[in-house]
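Take the sequence shown: its letters are residues 1 to 203, numbered as in UniProt numbering.
Cβ atoms here follow ideal geometry from the backbone N, Cα and C, with glycine treated the same way.
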Amino acid sequence: MCAPISELEQEELLEKLEVFKIKGRDKHGRKILRIIGKFFPARLITVEVLKRYLEERVFPKLGKRKFAVLYVHTDVQRSENLPGISALRSIYDAIPANVKENLEAFYFIHPGLQARLFLATLGRFLFNAGLYGKLKYISRVDFLWEHVKRNEVEIPEFVFDHDEDLEYRPMMDYGLESDHARVYGGAPTMDSPVTTYSMRCIS
Numbered sequence: 001m002c003a004p005i006s007e008l009e010q011e012e013l014l015e016k017l018e019v020f021k022i023k024g025r026d027k028h029g030r031k032i033l034r035i036i037g038k039f040f041p042a043r044l045i046t047v048e049v050l051k052r053y054l055e056e057r058v059f060p061k062l063g064k065r066k067f068a069v070l071y072v073h074t075d076v077q078r079s080e081n082l083p084g085i086s087a088l089r090s091i092y093d094a095i096p097a098n099v100k101e102n103l104e105a106f107y108f109i110h111p112g113l114q115a116r117l118f119l120a121t122l123g124r125f126l127f128n129a130g131l132y133g134k135l136k137y138i139s140r141v142d143f144l145w146e147h148v149k150r151n152e153v154e155i156p157e158f159v160f161d162h163d164e165d166l167e168y169r170p171m172m173d174y175g176l177e178s179d180h181a182r183v184y185g186g187a188p189t190m191d192s193p194v195t196t197y198s199m200r201c202i203s
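Listed below in structure tokens is the structure:
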């Protein structure tokens, strides 16, 4: 990560973009730390600033109770939104032991083939087995409601849009078709427009 802006500006940017937000609870009553991967400005934020931001502004709000992470991987681009492997390891190592112990579930929305392969191989070495065992892949937002009440967490509109793309182009789930945004005409219409509308309103 390379940051041409000051440390204060980096912290303010993380706050403004709401990359990390604690709000709501899952169906087990655990606090939810929502992380929007697409919003993370990896090119502008240093590892040191990110670790300090988490330590000072995020971890204290979690308290000493059990919690769950809801990570939204939708539209994440490796060159734009992801820190490097060494940075990820450094960040993970800096997480206090009590925070790691209190993390009971990690909901991973729209993982995609590359993310699954990464976690299945390098993920086992980068993170301890305890964290890896808490990982729950969520391929569609509808499946999230099995774990989280619909009105407990805010899901950005682009996540629902990606869900619709996956319904029309299921090979994106397996990495056999690009998930880059494209303009395509003649897309089939939904049988009922109410379904999409109601799902978004309650998120």
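Would lysine 134 and alanine 97 be called neighbours here (beta carbons separated by less than 7 Å)?
no
Using alpha carbons as the reference points, say which of Ser79, Lys31, Ser86 and Leu50 lies closest to arginine 65.
Lys31
Is it buried or exposed for threonine 121, if we count other Cβ within 10 angstroms and need 16 for buried?
exposed
Given this structure, state the Cα-to-Cα distance separating arginine 140 from glutamate 80, to the nearest angstrom.
23 Å
In whole angstroms, what is the alpha-carbon distance linking glutamate 12 and phenylalanine 40?
Straight-line Cα distance between these residues: approximately 12 Å.
Could you tell me the distance, in whole angstroms, from the CA atom of arginine 25 to the CA atom of asparagine 151?
10 Å
In chain order, what residues of the same chain have a beta carbon less than 8 Å from the beta carbon of residue 209, not counting five sequence neighbours either side?
What is shown of the chain runs 1 to 203, which leaves residue 209 out entirely.
Need the endpoints of the alpha helix (DSSP H) that leucine 62 sits in, please.
Run containing leucine 62: 59–62, per the alpha helix (DSSP H) assignment.
Going straight from the alpha carbon of glutamate 167 to that of valine 159, what length do you get?
13 Å
Between leucine 17 and the rest of its own chain, which residues show a CB-CB distance below 6 Å, the 5 nearest in sequence each way excluded?
The residues are Phe39.
Nearest CA to the CA of leucine 113: which residue from Ile138, Ser90 and Val148?
Ile138
Which partner residues does leucine 70 have in the DSSP bridge list?
DSSP, once it has assigned bridges, lists Arg34 and Tyr107 as partnering leucine 70.
How far does the alpha helix (DSSP H) with lysine 100 in it reach, from first residue to last?
97–102
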